[in-house]
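K.L.:
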Amino acid sequence: MNAASRSNDAAVIRISQFVTLIGFIILWEVSARLGLSNVTWTSSPFRIAAEFWESLTSGELPRHLGVTLSEAVAGLALGAVVGILLGMVLGVSRLVGAIIEPFIMALNCLPRVALGPLIVMYLGIGFASKFALAFSLVVVPMMINVFEGIRSTDPVLVNLLRTVGASRMQTFFKLLLPNCIPWIFSALRVSISFAMIGAIVGEFISARAGIGYMIDTAAGAFDVTAMLMPLIVLMLVTFTFDRLFVMLRNRMLHWRPADQR
Amino acid sequence: MTRDKALSLSIRGLSYALLDRSKTMRPILDNVDLNVREGEFVSVVGPSGCGKSTLLNFISNLLPVQSGELEVLGAPVRSFNTKVGYVFQQHALLPWRSVIENTELGLEVKGESRDERRARCRDVLAQMGLAGFEDHYPSEISGGMRQRVSLARTLVAEPEFILMDEPFGALDAQTKVLIQEIFLQYWERHRRSVLFVTHDLGEAISLSDRVVVMSARPGRIIADHVIDLPRPRNGEKLRSDPRFIEYHDLLWSALRDEAANAMQVAQ
Ligand SMILES: Nc1ncnc2c1ncn2[C@@H]1O[C@H](COP(=O)(O)OP(=O)(O)OP(=O)(O)O)[C@@H](O)[C@H]1O
Ligand SMILES: [Mg+2]
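The listed protein sequences derive, respectively, from chains A and B.
Read in order, the letters of the first sequence correspond to residues 1 to 261 in our numbering.
Read in order, the letters of the second sequence correspond to residues 262 to 528 in our numbering.
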């Protein structure tokens, strides 16, 4: 495919996406205004926007969003660091890997959000419990991805590094680590929404602030608009993180042809 | 004669067997004897699966010796020797490194300074006809160019003994001839010891001082012919030389039965 038709495709994709989004919002709003849908149950874009503006200017939304984000991002950061390190240890050391692999997989089979009540019992209803829940959701997929990334290294390349006399350290930094970069990024993309889920579930169980708390309170008041607004905000924020990761990945994988990043 | 020269490679009675899936020992190499003198270019031809790559893996220390004796550059093989260069059957480039970064891998591992190794790499890449492609990534260059980068990476480290496993096997006929010419020129200038694995008899004859033929698996050396053709050689002219055709017939008659055997074993 030539460059002109590819940029043509890109324009078509962008325009279609924009039209779909605007169309959906208009349809929602019109059906609410014409009484085709019941605003008590499904609210409307205009109501949600008004709620957003009010909550934003009063400082409520920024405060709650800040709480949830700090829990999720801290959980993601530590979970990623620990997960990457564990994955590397497992991938590099065949013995350690073989010994602890079933334990890790068993942990992964545990529905970890169900640990929520226990974690809140141990760590209280503040930051620590949500952070821990987000961490527990992130660390295993990060680890498994890095592990797979290391194991997928082409054995011919491992032999190459050995024949040029590379030490284990050099093999790690020049081959194994760069080879896992794509795996690390796909794990990060999955993990950001896991981290948000961890924070929100923790807040549902018990909290005094956060997006989960906002939604829970609005549900108590049977206010669908006030439930949907923070939900949509959180979705957009998480989506922004995802796009950032994609941008960063494309930068780091600039050596790949654009359609294989 | 050159017989009293030092040996770059000396193999005595090298055998190798491994357990196959049905848990029976399967012989891969059977009592291989092979010498390569310093500065000598030796080619190994043999049917597919006869153990040629395995043989190179022993010499480079990728496989530990099971039985037999193996000396490389005058010493038994105990560790990876950076004086031995290995051009793999696959080009084995790191996809995230540019052409020049791939070329400098060996020098980088040895701890040579960046400026020095860059200068040397540029030089060798230019000899390989890759000037101007230093900053391209492997995904952005052709298969023939990748193969040349892989060759440059080995040559720039100035190995005393070069192992080459069908380095030009995956190339189209025209590219192959061009790269052979480049390599032949390089070799005739530097005269390093080379052990060169190939399926292509013409290639083996036009490059080598000696060609050895291996049997179908388990691999043994079944023929060993000195190629007495004057150097510097010109690959294209050589092919119409009556002696070239004689050597070709000689090697082919040794190889033909083995190739047929190998096909039967496979079936
Ligand atoms: N890891 C392995 N496990 C089992 N058998 C193996 C293994 N590696 C190689 N072999 C066997 O060893 C034999 C020799 O393999 P080798 O790669 O050395 O052949 P070759 O002569 O280089 O073939 P080709 O010309 O096709 O590259 C083959 O018959 C193959 O089946
Ligand atoms: Mg082979």
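Glycine is no exception: its CB is placed at the ideal position from the N, C-alpha and C atoms.
Note that the coordinates shown come from a computational prediction; the quantities given were computed from them, not determined experimentally.
Any C-beta of chain B sitting closer than 8 Å to the C-beta of Arg249/A?
P.N.:
Against the first sequence, residue 249/A aligns to sequence position 249. With 8 Å as the cut-off, Arg249/A does not count as an interface residue toward chain B.
K.L.:
Taking all protein chains shown into account, decide if Lys344/B is buried (16 or more other Cβ within 10 angstroms of its Cβ) or exposed.
P.N.:
Reading the second sequence from its first residue, position 83 is the one you call residue 344/B. It counts as exposed.
K.L.:
Count the other C-beta atoms from every protein chain shown that fall within 10 angstroms of the C-beta of Asn108/A, then say buried if there are 16 or more, exposed otherwise.
P.N.:
To locate residue 108/A, count along the first sequence from 1; it is residue 108. Exposed is the call here.
K.L.:
Mark Ile26/A as exposed unless 16 or more other C-beta atoms lie within 10 angstroms of its C-beta, in which case mark it buried.
P.N.:
Position 26 of the first sequence, counting from 1, holds the residue named residue 26/A. It is exposed - the Cβ of Ile26/A has fewer than 16 other Cβ atoms within 10 Å.
K.L.:
Compute the Euclidean distance between the alpha carbons of Leu290/B and Gly312/B, then round it to the nearest angstrom.
P.N.:
Along the second sequence, one-based indexing puts residue 290/B at 29. Along the second sequence, one-based indexing puts residue 312/B at 51. Cα to Cα, Leu290/B sits roughly 6 Å from Gly312/B.
K.L.:
In whole angstroms, what separates the C-alpha of Phe429/B from that of Trp448/B?
P.N.:
To locate residue 429/B, count along the second sequence from 1; it is residue 168. To locate residue 448/B, count along the second sequence from 1; it is residue 187. Near 15 Å, if we compare the C-alpha coordinates of Trp448/B and Phe429/B.
K.L.:
Under 7 Å between beta-carbons, which chain A residues line up against Ala353/B? List them in chain order, please.
P.N.:
Within the second sequence, numbered from 1, the residue matching residue 353/B stands at position 92. Near Ala353/B (Cβ distances below 7 Å), the residues of chain A are Val156, Leu157, Leu160.
K.L.:
So is the beta-carbon of Lys498/B under 7 Å away from any non-hydrogen atom of ligand 1?
P.N.:
Position 237 of the second sequence, counted from the first residue, corresponds to residue 498/B. Every heavy atom of ligand 1 is 7 Å or more from the Cβ of Lys498/B, so no.
K.L.:
For Cys311/B, verify whether its CB is less than 7 Å away from any heavy atom of ligand 4.
P.N.:
What this structure holds is ligand 1 and ligand 2, not ligand 4.
K.L.:
Just curious, the alpha helix (DSSP H) that Glu60/A is in, first and last residue?
P.N.:
By 1-based counting over the first sequence, the position of residue 60/A is 60. Unbroken alpha helix (DSSP H) run through Glu60/A: 60 to 92.
K.L.:
For His64/A, is the classification buried or exposed, using 16 other Cβ atoms within 10 angstroms of its Cβ as the cut-off for buried?
P.N.:
For this step, residue 64/A is matched to residue 64 along the first sequence. When all chains shown are included, His64/A counts as buried.
K.L.:
Keeping to the same chain, check which residues put their C-beta closer than 7 Å to that of Phe319/B; ignore five residues upstream and five downstream.
P.N.:
Stepping through the second sequence from its first residue, residue 319/B is reached at position 58. Leu275, Val326, Leu331.
K.L.:
Expressed to the nearest angstrom, what Euclidean distance is found between the alpha-carbon atoms of Ala187/A and Val82/A?
P.N.:
Translated into positions along the first sequence, residue 187/A becomes position 187. Translated into positions along the first sequence, residue 82/A becomes position 82. Spanning the two alpha carbons is a distance of roughly 13 Å.
K.L.:
Look up Ala278/B in the DSSP assignment and say whether it is helix, strand or coil.
P.N.:
Mapped onto the second sequence, residue 278/B falls at position 17. Reduced to three states, the DSSP call for Ala278/B is strand.
K.L.:
Shorter than 8 Å from the beta carbon of Val370/B to some beta carbon of chain A?
P.N.:
Translated into positions along the second sequence, residue 370/B becomes position 109. True, the Cβ-Cβ gap to chain A drops below 8 Å.
K.L.:
Taking the alpha-carbon positions, what's the Trp183/A to Leu133/A distance?
P.N.:
In the first sequence, the residue the question calls residue 183/A occupies position 183. In the first sequence, the residue the question calls residue 133/A occupies position 133. Near 23 Å, if we compare the C-alpha coordinates of Leu133/A and Trp183/A.
K.L.:
Can you pull the chain A neighbours of Tyr398/B, defined as C-beta to C-beta under 7 Å?
P.N.:
Reading the second sequence from its first residue, position 137 is the one you call residue 398/B. Here the neighbours are Trp255.
K.L.:
Taking only beta-carbon atoms, is Val164/A less than 8 Å away from chain B?
P.N.:
Taking the first sequence and counting its residues from 1, one reaches residue 164/A at position 164. Judged by the 8 Å Cβ criterion, Val164/A is in contact with chain B.
K.L.:
Helix, strand or coil for Asp485/B, going by three-state DSSP, please let me know.
P.N.:
Here residue 485/B refers to the residue found at position 224 of the second sequence. It is a strand residue.
K.L.:
Any beta-carbon of chain A closer than 8 Å to the one on Phe341/B?
P.N.:
Start at 1 with the first residue of the second sequence, and residue 341/B comes out as number 80. Yes, because at least one Cβ of chain A sits closer than 8 Å to the Cβ of Phe341/B.
K.L.:
Who are the neighbours of Tyr347/B on chain A, taking C-beta pairs under 9 Å?
P.N.:
Taking the second sequence and counting its residues from 1, one reaches residue 347/B at position 86. Simply Asn159, Leu160, Thr163, Val164.
K.L.:
Where do the ends of the alpha helix (DSSP H) carrying Leu188/A lie?
P.N.:
What you label residue 188/A is simply residue 188 of the first sequence in a count that begins at 1. Leu188/A -> alpha helix (DSSP H) spans 177 to 205.
K.L.:
According to DSSP, is Asn250/A part of a helix, a strand, or is it coil?
P.N.:
For the purposes of this step, residue 250/A is taken as the residue at position 250 of the first sequence. The answer is helix: DSSP assigns Asn250/A an H, G or I state.
K.L.:
Buried or exposed: where does Trp357/B fall if 16 or more other Cβ atoms within 10 Å of its Cβ makes it buried?
P.N.:
As a working note, residue 357/B is residue 96 in the second sequence. By the neighbour-count rule (16 or more Cβ atoms within 10 Å), Trp357/B is buried.
K.L.:
When burial is assigned at 16 or more other CB atoms within 10 Å of the CB, is His352/B buried or exposed?
P.N.:
Position 91 of the second sequence, counting from 1, holds the residue named residue 352/B. His352/B comes out buried.
K.L.:
Based on the DSSP output, what are the partners of Ser328/B in its beta bridges?
P.N.:
What you label residue 328/B is simply residue 67 of the second sequence in a count that begins at 1. Answer is Ser276/B.
K.L.:
Measuring alpha carbon to alpha carbon, tell me which residue in Ser304/B, Asn296/B, Thr364/B is nearest Gly207/B.
P.N.:
Coverage of chain B is limited to positions 262 through 528, which leaves residue 207/B absent and any answer about it impossible.
K.L.:
With a floor of 3 residues, list each beta strand (DSSP E) that falls wholly inside the region 431 to 500 of chain B, ordered by position along the chain.
P.N.:
Counting whole runs of 3 or more residues, the region 431 to 500 of chain B contains the beta strand (DSSP E) stretches 454 to 458, 471 to 475, 482 to 487.
K.L.:
As an exercise, report each continuous alpha helix (DSSP H) stretch of at least 4 residues that is fully enclosed by the region 4 to 69 of chain A, in chain order.
P.N.:
Fully enclosed alpha helix (DSSP H) runs of 4 or longer: 39 to 42, 45 to 58.
K.L.:
Could you check what DSSP says for Asp518/B in three-state terms: helix, strand or coil?
P.N.:
Along the second sequence, one-based indexing puts residue 518/B at 257. Correct three-state label for Asp518/B: helix.
K.L.:
Sort Thr40/A, Pro62/A, Leu69/A, Leu21/A by Cα distance to Ser193/A and report the nearest one.
P.N.:
Your numbering for residue 193/A matches position 193 in the first sequence. Nearest option by C-alpha distance: Leu69/A.
K.L.:
Kindly confirm or deny that the region 365 to 374 of chain B and the region 153 to 171 of chain A touch, where touching means at least three C-beta pairs closer than 8 Å.
P.N.:
Because the criterion of three Cβ pairs below 8 Å is met, the region 365 to 374 of chain B and the region 153 to 171 of chain A touch.
K.L.:
Relative to the alpha-carbon of Leu78/A, which residue among Ser206/A, Pro102/A, Thr20/A, Lys130/A has its alpha-carbon at the smallest distance?
P.N.:
By 1-based counting over the first sequence, the position of residue 78/A is 78. Looking at the Cα atoms, Lys130/A is the closest of the given residues.
K.L.:
Are there 16 or more other CB atoms within 10 angstroms of the CB of Thr459/B, so buried, or fewer, so exposed?
P.N.:
On the second sequence, residue 459/B is found 198 positions in, with the first residue counted as 1. Flag for Thr459/B reads buried.
K.L.:
Per DSSP, which one or two residues make a beta bridge with Ala336/B?
P.N.:
Here residue 336/B is taken as the residue at index 75 of the second sequence, counted from 1. Val333/B, per the DSSP bridge assignment.
K.L.:
Could you tell me the distance, in whole angstroms, from the CA atom of Arg407/B to the CA atom of Glu401/B?
P.N.:
Your numbering for residue 407/B matches position 146 in the second sequence. Your numbering for residue 401/B matches position 140 in the second sequence. Rounded to whole angstroms, Arg407/B to Glu401/B spans 10 Å at the Cα level.
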